[in-house]
Every structure is written in C-alpha cells, then in structure tokens.
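Note that numbering that gives the first Met the number 0 numbers the sequence shown so that position 287 is 286, with each residue one more than the last. C-beta: ideal position from N, C-alpha, C; glycine also. Notes for the one structure printed next.
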Amino acid sequence: MDVRSVELFLHLSQSLHFAKTSQAMHVSASTLSRVIQRLEDELGSSLFTRDKRSVHLTQAGQRFRSFAEQWLEQWRLLQMDLSLQSNALAGELTLYCSVTASYSHLPDILDKYRLSCPNADIKLATGDVAMAVDKVANGEVDIAIAARPDHLPLNIAFASISKIPLSIIGPTVSCNVRKLLERNPIPWDQVPFILPEHGPARARIDHWFKAMRITPNVHAKVAGHEAIVSMVALGSGVGIAPEVVVDNSPVRERIQSIAVGVELEPFDLGICMLSRRLHEPLMQRFWQIAARN
Numbered sequence: 000m001d002v003r004s005v006e007l008f009l010h011l012s013q014s015l016h017f018a019k020t021s022q023a024m025h026v027s028a029s030t031l032s033r034v035i036q037r038l039e040d041e042l043g044s045s046l047f048t049r050d051k052r053s054v055h056l057t058q059a060g061q062r063f064r065s066f067a068e069q070w071l072e073q074w075r076l077l078q079m080d081l082s083l084q085s086n087a088l089a090g091e092l093t094l095y096c097s098v099t100a101s102y103s104h105l106p107d108i109l110d111k112y113r114l115s116c117p118n119a120d121i122k123l124a125t126g127d128v129a130m131a132v133d134k135v136a137n138g139e140v141d142i143a144i145a146a147r148p149d150h151l152p153l154n155i156a157f158a159s160i161s162k163i164p165l166s167i168i169g170p171t172v173s174c175n176v177r178k179l180l181e182r183n184p185i186p187w188d189q190v191p192f193i194l195p196e197h198g199p200a201r202a203r204i205d206h207w208f209k210a211m212r213i214t215p216n217v218h219a220k221v222a223g224h225e226a227i228v229s230m231v232a233l234g235s236g237v238g239i240a241p242e243v244v245v246d247n248s249p250v251r252e253r254i255q256s257i258a259v260g261v262e263l264e265p266f267d268l269g270i271c272m273l274s275r276r277l278h279e280p281l282m283q284r285f286w287q288i289a290a291r292n
C-alpha cells in the first residue's frame with residue numbers, strides 16, 4: 000500500500016465510477032484497475048462489486064475507506080512534523096484555477112508564497128472555474144481559486160480575495176446577433192444565448208432570465224468563461240462573463256457589455272480547500288497569504 004494507491008482508492012470510493020476517477024486522477028483505466036486489484040489482493044477481500052452498469056463499495060471497502068482516510072491524514076501529519084523539524088516548509092501543493100485567474104490573481108499570491116516557502120512546489124492545473132470547488136471536495140487538488148457557490152459544501156473552507164462584476168456581453172462585429180441587440184426593445188426571446196454548463200455563472204443568468212421573464216433561445220452550452228467570450232466575439236450569440244475575463248481576453252475589442260434592466264450579482268472570488276486540512280503548514284501559509292492579498 001502506498002500514498003498514490005490510497006488516493007486513487009479514496010477517489011473511486013466517492014465517484015464509484017472507474018472512468019471518472021481515471022480522468023480526474025490522470026491515470027489510465029487499466030492502471031486504476033490494477034491498483035484496486037493489488038489492494039484487494041493485499042487485503043484478501045473485495046473492495047468493490049462491479050458490473051457493466053454500476054460500482055458499489057463492499058462492506059470491506061467501507062471499512063478500508065475509513066482506515067485509508069485516517070492513514071492518509073496521519074501520513075500528511077508526519078510530513079508536516081518532519082518539515083517543521085527541518086525549519087523549512089517543503090512539499091508540493093496542487094492548485095486549480097481558470098486560465099484568466101492564472102494571470103489576473105494568481106501571480107501576486109504565488110510571488111509572496113514562494114518568498115515565504117521557497118522549498119514548496121506548486122503544480123498548477125487550469126480549467127473551468129465552475130469545477131473548482133468539486134475538484135477540492137473530491138481530493139483531486141489541494142487548493143482552488145473559485146467563485147463561491149450559493150451553497151458551499153460544509154467541508155470546504157473559503158476565503159474571499161476579490162469581488163468580480165459580471166456582465167451580459169454581445170458581439171461588436173456585424174452579424175445577426177448585433178442587429179437583434181440594436182433593436183429597441185431588444186427581442187430577447189429571439190437572441191441566441193451561449194450559456195455556462197453549470198456553476199455560479201449559470202445560476203446568475205438563470206436568475207436574470209427569471210427576473211426579465213425571458214425564455215432563452217439556447218444556442219450552446221459550454222465549459223469555461225473564456226470559451227463563452229470567444230463564441231460571443233465570433234458573433235454566435237450573447238453570453239455572461241466576469242468582466243476580468245473580458246478585459247484580459249485577446250478578443251475584447253470584439254465584445255460589448257449590454258445594459259440590462261436587472262443587475263447581476265458579482266462573483267465572490269476566493270480560495271478554497273478542505274476544512275480539515277487548514278492546519279497543515281503549507282496549506283495554512285497559502286491561506287494566510289491569499290486572504291491578506
């Protein structure tokens with residue numbers, strides 16, 4: 000049994016889906032199967048029952064999950080103690096954020112963090128900000144820069160670092176969408192919308208649709224605000240995006256903010272991590288620096 004095997008088992012015990020765990024933990028399905036088989040051989044018991052349609056934890060799997068969670072926590076505590084004894088914080092943190100956040104908010108935080116913890120390594124992954132909280136909750140990453148959801152999981156700690164205004168955006172290029180936006184009043188039911196698949200931005204625009212009594216003409220659902228901005232810039236439709244994403248976009252000259260009757264609630268952007276890991280020195284130091292930033 001090793002740390003990586005335990006991490007893979009714990010993720011699978013939550014997802015109960017081999018393909019999802021393989022993708023999230025960056026291993027092949029065959030490697031994941033071999034890891035689980037090796038653990039089962041070492042324990043002499045089946046940890047999962049699986050068929051073509053479903054995966055379930057066995058009673059032995061449930062007992063091993065409790066043990067594995069405690070074992071992994073003790074391993075991290077040991078790493079902390081040894082790091083403190085050496086008078087230098089060392090180790091690795093995995094951090095997740097959007098592409099925009101990686102150059103709008105992260106650099107200043109990382110510069111200060113590296114001064115404080117020069118022996119700590121940061122492994123960065125970027126993607127859809129709507130996935131950030133889930134990636135922390137599932138143990139895929141240690142820390143994420145995320146927009147606070149309306150319902151924050153109880154096991155997630157969140158520290159606000161910035162308020163991010165949101166805008167309804169449309170294209171400035173000559174196209175059918177722009178012609179619709181130039182009409183007075185705007186025939187919103189005819190306007191094609193580019194929507195987020197899920198997450199806080201989707202909740203905001205769904206609330207806006209309700210307040211404006213609009214039945215949206217959904218042209219596409221995409222992951223990531225950067226993708227929405229790009230599609231709007233191409234004249235594909237109207238979307239919602241944080242102003243910081245538009246301001247930092249290479250196609251910002253092709254985007255316009257649209258005055259709307261109902262104001263959109265801004266994002267509460269912050270860092271999040273599992274509450275039970277706040278005491279770990281590397282995590283605690285990152286938290287303190289980001290929260291003060």
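Whose C-beta lies closer than 8 Å to the C-beta of Leu38 among residues of the same chain, with five residues either side of it excluded?
Met0, Ser4, Phe8, Leu46, Phe63
Would DSSP call Met295 helix, strand or coil?
The chain is shown only over 0 to 292; residue 295 falls outside these bounds and no answer can be derived.
At a cut-off of 6 Å, is Arg251 close to the ligand SAH when judged by its beta-carbon and the heavy atoms of the ligand?
What this structure holds is no ligand at all, so the ligand SAH is not there to describe.
Gly43 burial status per 10 Å Cβ neighbour count (16 or more: buried):
exposed
Applying the criterion that 16 or more other CB atoms from any shown protein chain within 10 Å of the CB defines a buried residue, is Met130 buried or exposed?
buried
Can you tell me the Cα-Cα spacing of Val172 and Arg253, whole angstroms?
Whole-angstrom Cα-Cα distance: 6 Å.
Just to confirm my understanding: we take Ser85, look at its own chain, exclude 5 residues before and 5 after, and list those with CB closer than 8 Å. What are they?
Interpretation of Ser85 is limited by its pLDDT of 49, a score under 50 that renders its predicted location unreliable; the figure taken from the coordinates is listed afterwards. Excluding its 5 nearest sequence neighbours in each direction, Ser85 has no C-beta neighbour in its own chain below 8 Å.
Rounded straight-line distance, which links the Cα of Arg177 to that of Gln189
12 Å
Between which two residues does the alpha helix (DSSP H) holding Gln283 run?
280–291
Take Pro191 and list the residues in its own chain whose beta-carbon comes closer than 6 Å to its own, dropping the five residues that flank it on each side.
Asn216, His218, Gly236
DSSP beta-bridge partners for Ser161?
Leu268
Just to confirm, are Leu281 and Ala23 a CB contact at a threshold of 7 Å?
no
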